[in-house]
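Visitor: Here it is, the structure in full.
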Amino acid sequence: MDDQQHRTPGAALFPRRLGVLLATLVCTTLPIAACSSTDEQQASPANGLSATGDAAAGTADSTAAGSNTGTIEVAAPKLTVLNDGEGQRYLLRFDVPTTATPTSADAPIRRGASVIFGFTQEVTGEQPDPAPVAPADTVTASLLLLGSHRDQTDSVHTPTVGNGTGVPRGEIHTSYEVAQPTISDNPLNESMVTGDGFIIDAWQKPNGAVTHLSFTAPAGADDTARALIEDQAYSLFGIQPVFPEQPVGVGAQWKVASPKLGDASQLQTVTYTVEAINPTGPGGAPVVDLTVTIDAHPALKEIALREVEPGVAGTLHVLSATTTASGTARVDLAEPLPTTWYSDTLTRVIYGPNPDVETSGQQQVVQDTHTIVSMEQPKP
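Sequential numbering from 4 applies to the sequence shown in this note's numbering.
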């Protein structure tokens with residue numbers, strides 16, 4: 004069989020659904036023994052999201068126009084300090100002033116954000132190189148976030164979670180209005196623009212960890228716009244810096260591990276290094292400059308195909324996962340989002356039959372995913 008390559012940059016905006024594409028491709032075109040095996044291993048990846056209210060886990064629902072799609076509870080990350088740095092050390096905590104003004108054109112928090120996605124999937128009988136290759140085709144989704152920090156006593160904006168209680172007191176609640184959403188794929192852009200006015204509510208701990216997200220679509224938004232904007236929100240809030248529980252100085256380094264926001268089949272570890280700390284920024288709180296590295300890989304080494312394609316028997320194995328990634332961020336702790344953020348992540352995952360069994364002549368699936376996330380304050 005000749006090598007087959009699939010370039011679907013638009014589909015990369017829906018990373019949670021790539022498993023279905025993979026399973027379908029494997030079991031319809033590949034002579035991999037796993038597809039006919041009856042010896043299956045149950046695979047249950049840890050959830051990066053758990054839905055409450057009316058939302059399904061990490062997906063956009065077909066709900067009535069203008070309705071809230073539910074509150075998402077985000078899995079708590081695991082933070083490990085590698086080095087507490089040198090010189091003066093600071094306990095870095097977000098201290099965001101409450102703003103009574105609702106989100107509007109004069110919102111106190113303004114961020115221009117974009118996410119660039121590229122994705123290719125290739126079926127090959129050759130031994131693939133584990134080094135990732137950037138897909139030639141990409142799509143760019145952009146939007147403007149207009150945010151206001153809510154008073155935690157505002158019960159209207161305090162979600163009810165699974166145990167019937169609200170978000171714990173002391174969390175930072177910011178409501179963002181989405182303005183000027185666009186995407187470089189013209190057919191998708193016809194839907195994307197209907198998401199103008201989309202509301203994203205985010206709750207985070209004082210150390211920065213996002214705990215809940217809630218989405219409210221405007222009356223005119225269609226289901227595609229909901230899915231596109233929610234996926235972009237996962238990419239943006241999934242890189243929110245989280246700070247240690249102990250004071251740190253310049254040179255400090257720590258890593259934060261968690262399921263990837265919006266795609267619990269992937270694990271993400273972000274390593275932060277402090278380059279500079281200004282103890283008194285323009286908002287009265289410290290401003291921290293960081294360098295960032297990101298490692299992403301599948302949560303499971305073996306995937307029961309019935310988990311991604313009901314009725315299909317067998318197991319698909321992750322043969323290798325390689326990530327190259329770098330980034331920088333400036334965080335003003337008086338604001339809930341980074342002042343600037345830029346990260347470039349390129350990942351290659353190779354799937355195939357059991358590596359402990361002779362695989363000569365067997366074909367493998369190679370996926371390359373490229374994600375560039377950027378955020379900055381828009382120019383006046």
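Glycine included, every Cβ here is placed at the ideal spot set by N, Cα and C.
Just to confirm before moving on: does the CB-CB distance between Gln207 and Ile186 stay below 7 Å?
Guide: Their beta carbons are not under 7 Å apart, which means Gln207 does not touch Ile186 by this criterion.
Visitor: Report yes or no: do three or more beta-carbon pairs, one from the stretch 257-266 and one from the stretch 75-82, lie closer than 8 Å?
Guide: Yes, the stretch 257-266 is in contact with the stretch 75-82.
Visitor: Using the Cβ count rule (16 or more neighbours within 10 Å means buried), how would you classify Leu95?
Guide: Result: buried.
Visitor: For Gly90, is the classification buried or exposed, using 16 other Cβ atoms within 10 angstroms of its Cβ as the cut-off for buried?
Guide: Gly90 comes out exposed.
Visitor: Please determine if the stretch 111-127 and the stretch 299-316 are in contact, where contact requires at least 3 C-beta pairs separated by less than 8 Å.
Guide: No: fewer than three Cβ pairs fall under 8 Å.
Visitor: Only counting the same chain, and skipping five residues up and downstream in sequence, which positions put a Cβ closer than 6 Å to that of Pro250?
Guide: Here the set comprises Arg92, Tyr93 and Leu94.
Visitor: Can Leu340 and Arg114 be called in contact, C-beta distance under 7 Å?
Guide: It is a contact, given that the beta carbons lie within the stated cut-off.
Visitor: Does the stretch 287-306 come close enough to the stretch 272-279 that 3 or more CB-CB pairs lie under 8 Å?
Guide: Segments in contact, yes.
Visitor: Glu125: which of Val352, Glu379, Ala302 and Asn357 sits nearest, CA to CA?
Guide: Here the closest residue by C-alpha is Val352.
Visitor: Name the one or two DSSP bridge partners that Asp292 has.
Guide: Its beta-bridge partners are Ala279 and Arg333.
Visitor: For Ala236, report the span of its alpha helix (DSSP H) as first-last.
Guide: Residues Asp226 to Phe240.
Visitor: Within the same chain, show all residues whose beta-carbon is closer than 6 Å to that of Gly200, passing over the 5 residues directly before and after it, in chain order.
Guide: Once the five neighbours on either side are set aside, the close Cβ partners of Gly200 are Pro221.
Visitor: How far does the alpha helix (DSSP H) with Leu191 in it reach, from first residue to last?
Guide: Note, Leu191: alpha helix (DSSP H), Asn189 to Met195.
Visitor: If you follow the beta strand (DSSP E) that Arg309 is in, where does it begin and where does it stop?
Guide: Where Arg309 is concerned, there is no enclosing beta strand (DSSP E), given that its DSSP letter is neither H nor E.
Visitor: Taking only three categories from DSSP, how would you classify Gly128?
Guide: Residue state, collapsed to three classes: coil.
Visitor: So, helix, strand or coil for Gly2, using DSSP?
Guide: What the structure shows of the chain is the stretch from 4 to 383, and residue 2 is not part of that stretch, so it cannot be assessed.
Visitor: Using only the alpha-carbon positions, how far apart do Asp6 and Tyr354 sit?
Guide: Confidence is the limiting factor: at Asp6 the pLDDT is only 46, short of 50, which leaves the residue's position unreliable, though a coordinate-based value still follows. Spanning the two alpha carbons is a distance of roughly 15 Å.
Visitor: To the nearest angstrom, how far is the alpha carbon of Gly330 from that of Pro131?
Guide: Roughly 27 Å between the two C-alpha positions.
Visitor: Expressed to the nearest angstrom, what Euclidean distance is found between the alpha-carbon atoms of Glu233 and Ile112?
Guide: Each residue's alpha carbon lies about 19 Å from the other.
Visitor: Answer yes or no: do Ala307 and Thr326 have a C-beta to C-beta separation smaller than 7 Å?
Guide: No, the Cβ-Cβ distance between Ala307 and Thr326 is not below 7 Å.
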